[in-house]
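*Asks:* For the sequence shown, our numbering gives the first residue as 2, with consecutive numbering after it.
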Amino acid sequence: MSTLLTDAKSRLSELIARYQSQVDFLAIRLEEAEGTDILLRGNKVETLSEGISIGGQVRACYKGGWGFASFNRLSSLRDRIEEAIAAARLVGDEETLLAPIAPIQDTCQLPLTGTDPRQIPLSEKKALCSHYAEILRSMDNRITTTSVRYGDSAQRIILATSEGTLIEQSWIDLEMRFAATARNGETVQTGRETTGSRKAYEDLKQLDDQVRSAARRAVDALMLPPVKGNTYTVVIDPILSGLFVHEAFGHLSEADMAYENPDLLEVMTLGRRFGPPELQIFDGAAPIGHRGSYFYDDEGVPATTTQLIRDGVLVGRLHSRETAGKLGETPTGNARCLNYHYPPLVRMTNTWIERGQTPVADLFSGIQEGVYARNWLGGMTNGEMFTFAAGEAWMIRNGQLAEPVRDVNLSGNVFTTLADIEAIGDDFFWDESGGCGKGGQNGLPVGCGGPSLRIRNVVVGGEAE
């Protein structure tokens, strides 16, 4: 990494001291990022690039009003500080409420367990992508389009605040995405796989079986009957339960969502029961080794693990310092920004449902007619409503897996669905494929985890009867 940030770091205390009397709070965040982006679509290389970016952001708060300025020339730092202060003083007309934290001075790096991707030549990364692309194309002649995407990023962050915090933090993030689309006449099906890591380049190698699985699902689904649309008891695998807890429940736990929506804040009242006594839901960056892990958030708050639901009851939510201050609660270390172009928002980190006590085989017992759904193709949420497309699915008949089906879309209301959880499996899986979007900041690395779940009264869309 460049020495430019190191040189700028030495000036931060001086600049903070010069300007802090003009506002209630002042923060300067410097960032240096080095990364690779490769996209192969079919036989064509659409993207093949390496790059380094250096920049920063200034946040100022005065009487509850925020000013923000970003920059990519360190020589303009003083001007950007003055711009952010002027903006904050222009809009501030209330009280600045930031939950207190102790000032921290620290330098830290998320540990790698293997090779740093910066040590791997671009040609080798491209060859890995080409290898996976060939696997996708060669699986079946009905595969019409394929794509392989590789990305890695090394980030170094320096944060200084008017409260005395000075933190330097760095990490590596890697991700690969695979997709294959197959066609048989008018029937078109797609299979996808995504994986990621903050540990080592080796985690993206030897993925041949995973890549084949994406292509095989697309081809196999061509000949499957569509599921009959109905309301079923459904068993979902850990990947889908991780997606569900992140997309359907996790975003509603972000306190800025609730604070800005009085109706949602009333619904998300602490102490309200949402699920069965066996249900435990957590979020936190403190567990090391996952895509959403870090030591400090982008406000300098130490990473924590926050229990959101305990024994089926809502007991916590995710906070920035401002939302915690306004709601009279404790900051949780969930203020994150995608990069220096954006201000921190309340964001999830690693979100999971704790494993339960029910053996997975027993989740199917007693289901006369239901659906078993695994993996995912996509999904969307709108407030408390959700729809997820399963990657593959089977009918359940008389407590046993029966014929495979396609076009399985699961939809419902998150609060009703949580209450309809009948059993929680004793398995568990961390899905490191997540890239979360909010407020225009898309692709923020997160982790999702969970066990298999049995849920009654799930609306399954497919072919109408």
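The beta carbon of each residue, even a glycine, is placed where N, CA and C say it ideally should be. Source: prediction; values computed, not measured.
Inspect the CB distances between the segment 71-79 and the segment 188-201 and report whether three or more fall short of 8 Å.
*Replies:* Cβ pair count under 8 Å is below three, so no.
*Asks:* How far does the beta strand (DSSP E) with Ala286 in it reach, from first residue to last?
*Replies:* Careful: Ala286 lies outside any beta strand (DSSP E) and carries neither H nor E.
*Asks:* Within 10 angstroms of its Cβ, does Ala128 collect 16 or more other Cβ (buried), or is it exposed?
*Replies:* By the 10 Å Cβ count, Ala128 comes out exposed.
*Asks:* In angstroms with no decimal places, state the Cα-to-Cα distance between Gln21 and Arg30.
*Replies:* Their backbone Cα atoms lie some 15 Å apart in a straight line.
*Asks:* How far does the alpha helix (DSSP H) with Thr418 in it extend, from its first residue to its last?
*Replies:* Per DSSP, Thr418 belongs to the alpha helix (DSSP H) from 415-420.
*Asks:* Measure the CB-CB distance between Ile425 and Ile456 and report whether it falls below 7 Å.
*Replies:* It is not a contact, given that the beta carbons lie outside the stated cut-off.
*Asks:* Go ahead and label Ala362 buried or exposed: buried means 16 or more other beta carbons lie within 10 angstroms of its beta carbon, across all protein chains shown.
*Replies:* It counts as exposed.
*Asks:* Suppose you measure from the CA of Leu223 to the CA of Ala256; what does that come to, to the nearest Å?
*Replies:* In a straight line, the C-alpha of Leu223 is about 43 Å away from that of Ala256.
*Asks:* Look up Lys229 in the DSSP assignment and say whether it is helix, strand or coil.
*Replies:* Here Lys229 sits in strand by DSSP.
*Asks:* Check whether the Cβ atoms of Glu134 and Thr116 sit closer than 7 Å, and answer yes or no.
*Replies:* What sits at residue 134 in the sequence shown is Ala, not Glu. For Ala134 and Thr116, no; Cβs fall outside 7 Å.
*Asks:* How far does the beta strand (DSSP E) with Lys439 in it extend, from its first residue to its last?
*Replies:* Residues 430-439.
*Asks:* Have a look at Val212, Trp353, Val314, Thr418 and flag the residue whose alpha-carbon is nearest the alpha-carbon of Phe430.
*Replies:* Comparing Cα positions, the closest option is Trp353.
*Asks:* Any idea what DSSP makes of Pro405, helix, strand or coil?
*Replies:* Pro405 falls in the strand class under three-state DSSP.
*Asks:* Quick check on this structure: which residue in Gly438, Ser11, Val406, Gln442 has the alpha carbon closest to the alpha carbon of Gly462?
*Replies:* With distances taken between Cα atoms, Gly462 lies closest to Val406.
*Asks:* Could you check what DSSP says for Tyr151 in three-state terms: helix, strand or coil?
*Replies:* In this structure, Tyr151 counts as strand in the three-state DSSP scheme.
*Asks:* So, with DSSP's three-state summary, where would you put Val268?
*Replies:* The answer is helix: DSSP assigns Val268 an H, G or I state.
*Asks:* Compare the beta carbon distance of Ala391 and Val409 with 7 Å and say whether it is the shorter of the two.
*Replies:* Yes, they are a contact pair.
*Asks:* Here's the rule I'm using: 16 or more other beta-carbon atoms within 10 Å means buried, otherwise exposed. How should Glu300 be labelled?
*Replies:* Buried, because 16 or more other Cβ atoms sit within 10 Å of the Cβ of Glu300.
*Asks:* Taking 7 Å as the limit between beta carbons, can you name the residues of its chain near Ile473, skipping five residues before and five after?
*Replies:* For residue 473 there is no data in the structure shown, the boundaries of the chain being 2 and 466.
*Asks:* Could you check how far apart the C-beta atoms of Gly435 and Arg292 are, in whole angstroms? I think they sit under 8 Å.
*Replies:* Their Cβ separation, rounded to whole angstroms, is 6 Å, which keeps Gly435 and Arg292 in contact under 8 Å.
*Asks:* What would DSSP say about Ala100, mapped onto helix, strand or coil?
*Replies:* Correct three-state label for Ala100: coil.
*Asks:* Comparing alpha-carbon positions, which option in Glu279, Thr324, Tyr343 lies nearest Ala259?
*Replies:* Among Glu279, Thr324, Tyr343, the Cα nearest to that of Ala259 belongs to Thr324.
*Asks:* Taking the alpha carbon of Gln207 as the reference point, which residue from Tyr297, Leu16, Cys130, Leu411 has its own alpha carbon closest?
*Replies:* When only C-alpha atoms are compared, the closest one is Cys130.
*Asks:* If Leu328 sits next to Gln442, beta carbons under 8 Å apart, how far is it from one beta carbon to the other, in whole angstroms?
*Replies:* Actually they are not in contact, since the Cβ atoms of Leu328 and Gln442 sit about 22 Å apart, beyond 8 Å.
*Asks:* According to DSSP, is Arg143 part of a helix, a strand, or is it coil?
*Replies:* The answer is coil: DSSP assigns Arg143 none of H, G, I, E or B.
*Asks:* Does DSSP classify Ser294 as helix, strand or coil?
*Replies:* Coil at Ser294, not helix or strand.
*Asks:* Name the DSSP beta bridge partners of Gly276, please?
*Replies:* According to DSSP, Gly276 bridges with nothing at all.
*Asks:* May I have the straight-line CA-CA distance separating Ala304 from Gly334, to the nearest angstrom?
*Replies:* About 5 Å.
*Asks:* For Arg157, verify whether its CB is less than 6 Å away from any heavy atom of the ligand MG.
*Replies:* No copy of the ligand MG appears in this structure; indeed no ligand is present at all.
*Asks:* Rounding to the nearest angstrom, what Cα-Cα distance links Asn458 and Ala89 in this structure?
*Replies:* One C-alpha to the other measures close to 50 Å.
*Asks:* Quick check on DSSP: helix, strand or coil for Lys200?
*Replies:* Three-state result, Lys200: coil.
*Asks:* For Val468 versus Arg143, is the C-beta distance shorter than 7 Å?
*Replies:* With the chain represented from 2 up to 466, any question about residue 468 goes unanswered, as that position is not in the structure.
*Asks:* When you compare the CB positions of Ser254 and Arg322, do they come within less than 7 Å of one another, or not?
*Replies:* It is not a contact, given that the beta carbons lie outside the stated cut-off.
*Asks:* So Ile53 and Leu6 are in contact, right, with Cβ under 8 Å, and what is the actual spacing, rounded?
*Replies:* Not quite, the Cβ-Cβ distance comes to about 11 Å (not below 8 Å), so this is no contact.
*Asks:* Spell out a yes or no on whether the segment 156-168 and the segment 39-53 are touching, meaning 3 or more CB-CB pairs, one atom from each, closer than 8 Å.
*Replies:* Touching, no.
*Asks:* In terms of residues, what are the limits of the alpha helix (DSSP H) holding Ile240?
*Replies:* Segment 239-245, the alpha helix (DSSP H) holding Ile240.
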